[in-house]
Amino acid sequence: MIRTTTNVKGGSGYVRNITFENIKLIQADNSIIIDQHYGTKNPNNEAVSLEISDVIFKGFEGTSANEKAIRLNCSSNGCFNIRLEDINIVSSKPNKKAKASCQNAHGIVQNVTPHVSCMLQ
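Quick note on numbering: the sequence shown equals residues 78 to 198 in my numbering.
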């Protein structure tokens, strides 16, 4: 599980220039997550003063116990320069597909399963 989390009640600062590379997942509950609303109910998608940018997820493979194998849940400010590359995560549950979801995530997707159609440029 790789998780980067913040919430609207936190302080300010940044998370940047991080690379997660060559990771093997076995029935991971939370495979790849960026969540700027962690532990909060934020229906208004409030801005978070902690910036997330230049984060690379590369060379992941394995299985996810959770339907959403990739979750990029950024605040209204957005997360920028997020790179997903050479990732192959499938569901550990028979006849189920792993999925991806994004909100306000900007970056590049190359050679990734599950398909990530929600990443913004």
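Where is the CB? At the ideal position from N, CA and C, for every residue including glycine.
Distance, residue j Cα to residue i Cα
i, j, result
"residue 197", "residue 182", "6 Å"
"residue 112", "residue 148", "7 Å"
"residue 99", "residue 135", "6 Å"
"residue 127", "residue 169", "33 Å"
"residue 105", "residue 177", "14 Å"
"residue 155", "residue 179", "10 Å"
Continuous beta strand (DSSP E) stretch holding residue i: start and end
i, result
"residue 177", "176 to 180"
Collapsed DSSP secondary structure at residue i in the structure displayed
i, result
"residue 106", "coil"
"residue 192", "coil"
"residue 114", "coil"
"residue 146", "strand"
"residue 169", "coil"
"residue 130", "strand"
One or two residues paired with residue i in a DSSP bridge
i, result
"residue 135", "98, 162"
"residue 155", "Paired residue(s): none; residue 155 is not in a bridge."
"residue 187", "162"
"residue 89", "Partner(s): none; residue 89 has no beta bridge."
Whole-Å CB distance - residue i paired with residue j, under 8 Å assumed
i, j, result
"residue 50", "residue 146", "Because the chain in this structure spans residues 78 to 198, residue 50 falls outside the shown range and cannot be described."
"residue 191", "residue 174", "7 Å"
"residue 131", "residue 165", "23 Å between Cβ atoms; not a contact."
"residue 92", "residue 133", "Their Cβ separation, rounded to whole angstroms, is 12 Å, which puts residue 92 and residue 133 out of contact at 8 Å."
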